[in-house]
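Read the structure below first, then the notes.
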Amino acid sequence: MKKVFIQTYGCQMNIADSEEMFAHLSARGYLRTDNLEEADAVLINTCTVRDHAEHKAVSFLGRLNSWKKERAGRRIIFAGCAAQRLGKTLQKKYPFLDILSGAKGIEHFSDMLDESGLFGPQTSQGETLPPGLTGYVTIMRGCNFACTYCIVPSVRGPIKCLPHEEILQNVRNKVAAGAKEIMLLGQTVNAYQDGAVSFADLLNKTSEIPGVVRVGFTSPHPIYFTPQFLAAVKDNPKIARHLHLPAQSGSTKVLQEMKRGYTREILLEKIKALQAAGFVISTDLIVGFPTETEEDFKQTLSLVDEAGFITAYCYKYSPRQGTVAAQMKLLSQEILEQRLENLLNKVRDLAQNAYRAQVGTTQEVLFETPDKGRSSGSFWVKAEGGKYPIGSVAKLTVEKAVGTLLIAR
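In the working numbering, the protein residues as written are 745 to 1153.
In structure tokens form, the structure reads like this:
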């Protein structure tokens, strides 16, 4: 049997895309290997949200030239968002690359393998990798927004929602392979709509599948959280109570220049409604957008205080070629570095404070080891005084917080 080495960069959606592409390679007789030297093929699935991620993927591709020469018949596939953005210029620079498969073409990946004539005919249905406790399920691709800093819409295209029955069958397959938690994926995942089936409907339908103990999702967009959504999920304990909700800025002016589609006030209104429904919220924040003033930045700092995030991932603005913001005059690196440092100082203790706030509460824990697992709010919990089967769920009372770990019985 031939073997394929898979290198995935980027988000959870890329992980799901890699699994889907592997299934097509598996159907042509390939096994997965973590040893590059024994591989007959390499699949590089790429990200281009930030320049650093794209550079890592292209650098890895460049190093494969010597690997390919070591043994006749080795093949290289470069796929995903960076493949979509760079296009055929990449094949000109790296002529040893066999297949270039952009993010928009994942639905045609099997056809590309056939048309290349390099991977043999399909001989089976193919196998996916065991999902572990968490099964990642793509429910939609693309984005209808045009945020001025973001390359995703141009490399992923507009929103395309997958049929809900196809999604639910995928969930059943993940559960049959051992998954207990299902993570629904999309660029603006809560914009999902398939006929009369809304995103909230899909969450509830997913939770009803036998064997599913928890359902999460990423990445949502603030404007798609509605009272109807909250009403639909409020009484469903299987829906994870942690949300990663990218805010990006606390300044209405900057949000408008980013074309995020909401104001600071609307964002805070959505956050407070979600928190009232029991959700805890983490976020992404960008410092140094080209039009950001010192006052704008102070509003981002104050947003952290007002919003009650449990943690925040902070980034310096990174211009992406092909976006509107890339044409704007950049702030100095000195300003970017100083603002990032100030923001990191602001958010440094958020996680520990959030863990301390859980002391005395009862948490439903999905165990990933015999004595440790994650709560519905994605807090790490260690059980004292008992051992639990991996994949089981138990309700425990939190006695204390040690850093970013809850100790419970």
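Even glycine gets a Cβ: it sits at the ideal position worked out from N, Cα and C.
Problem - Member of THR1037, ARG1100, GLY930 whose CA lies at the smallest distance from the CA of THR996 - result: THR1037
Exercise for the section: Return yes when the Cβ of SER845 is within less than 8 Å of the Cβ of MET856, no when it is not. Expected result: yes
Practice task
Return yes when the Cβ of CYS894 is within less than 8 Å of the Cβ of THR1067, no when it is not.
Solution key: yes
Exercise for the section: Evaluate contact between the region 1023-1040 and the region 1070-1086, counting only Cβ atoms and requiring at least three cross-stretch pairs below 8 Å. Expected result: yes
Problem - For CYS891, three-class secondary structure by DSSP - result: coil
Problem - Closest Cα partner of LYS1042 within the set LEU834, ARG1083, LYS836 - result: Nearest neighbour of LYS1042 by Cα position, chosen from LEU834, ARG1083, LYS836, turns out to be ARG1083.
Handout entry: Own chain, CB closer than 8 Å to LYS1116, minus 5 neighbours either side, in chain order
Key = TRP1124, VAL1125, LYS1126, ALA1127
Practice task
Mind the definition here: the region 872-892 touches the region 916-927 only if three or more C-beta pairs lie below 8 Å; say whether that holds.
Solution key: yes
Exercise for the section: Identify whether TYR1099 lies in helix, strand or coil by the three-state DSSP scheme. Expected result: helix
Problem - C-beta atoms of PHE840 and LYS812 nearer than 8 Å - result: yes
Problem - Meets three-Cβ-pair contact criterion under 8 Å: the region 940-947 and the region 1103-1114 - result: Result no; under three Cβ-Cβ pairs closer than 8 Å.
Practice task
Return yes when the C-beta of THR1105 is under 7 Å from any heavy atom of the ligand MG, and no when it is not.
Solution key: No copy of the ligand MG appears in this structure; indeed no ligand is present at all.
Practice task
Report yes if the C-beta distance between ASP858 and ARG819 is below 8 Å; otherwise report no.
Solution key: no
Exercise for the section: For ALA1138, name the three-state secondary structure that DSSP assigns. Expected result: strand
Exercise for the section: Could you have a look at TYR936 and say whether DSSP puts it in helix, strand or coil? Expected result: coil
Handout entry: Residue nearest to LEU775 in terms of C-alpha spacing, selected from PHE973, GLU781, PHE749, ALA1070
Key = PHE749
Practice task
Note down the Cα distance separating LEU974 from LEU1018, rounded to an integer number of angstroms.
Solution key: So the two alpha carbons sit approximately 7 Å from each other.
Exercise for the section: For my contact list, LEU780 and MET765 are in at a C-beta cut-off of 8 Å; report their separation, rounded to the angstrom. Expected result: Contact doesn't hold; Cβ gap of about 17 Å is too wide.
Problem - C-beta contact flag for LEU946 and HIS908 at 8 Å - result: yes
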